[in-house]
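Novice: Numbering (the working numbering), first residue to last: -5 to 133.
For glycine and all other residues, C-beta sits at the position ideal for the given N, C-alpha and C.
Computed from a predicted structure; not experimentally measured.
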């Protein structure tokens, strides 16, 4: 008989996910990232952002961290990114990798979702290797 208690104990220790902290880019805003949080699906949040802003480009989900307290985790990320922040906005002057590293170190955990790098995307005329959810890898 297999002892199931350790698995049950690990499950009990796992924090409840109440939302996510995310890093987005927008094709019309190179050199900047948008950091935010939501208790809903990120797809819903992106549709909301694209509907309420005058951004001509599309938002792309780059990184995502699951969170038991997304509001607090977002505040920690904002504080850690500090001087890179556009005053009064959720936008930061940074590339994805640098912002993600700061957030990862601040939250003390790897992102749950990482968008495939541009180098992983097909070159012009090549067939895509990954599509949809396959374009992302989990940690």
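1) According to the neighbour-count rule (16 or more other Cβ atoms, all chains shown, within 10 Å of its Cβ), is residue 95 buried or exposed?
2) Could you tell me whether any Cβ in chain D is nearer than 7 Å to the Cβ of residue 21?
3) Rounded to a whole number of angstroms, what is the C-alpha to C-alpha distance between residue 20 and residue 105?
4) Look up residue 53 in the DSSP assignment and give the residues it is bridged to.
5) Is residue 60 helix, strand or coil when you go by DSSP?
6) Tell me where the beta strand (DSSP E) around residue 27 begins and ends.
7) Measuring straight from C-alpha to C-alpha, what distance separates residue 69 and residue 49?
8) Let me check understanding here. Comparing Cα to Cα, which of 11, 41, 80 and 22 lies closest to residue 29?
9) Just the Cα atoms here: how many angstroms apart are residue 108 and residue 16?
10) Rounded to whole angstroms, what is the Cα-Cα separation between residue 42 and residue 14?
11) Are there 16 or more other CB atoms within 10 angstroms of the CB of residue 67, so buried, or fewer, so exposed?
Specialist: With the given structure in hand:
1) exposed
2) Among the protein chains of the structure shown there is no chain D, as only one such chain exists.
3) 19 Å
4) 20
5) strand
6) 26 to 32
7) 24 Å
8) 80
9) 10 Å
10) 16 Å
11) buried
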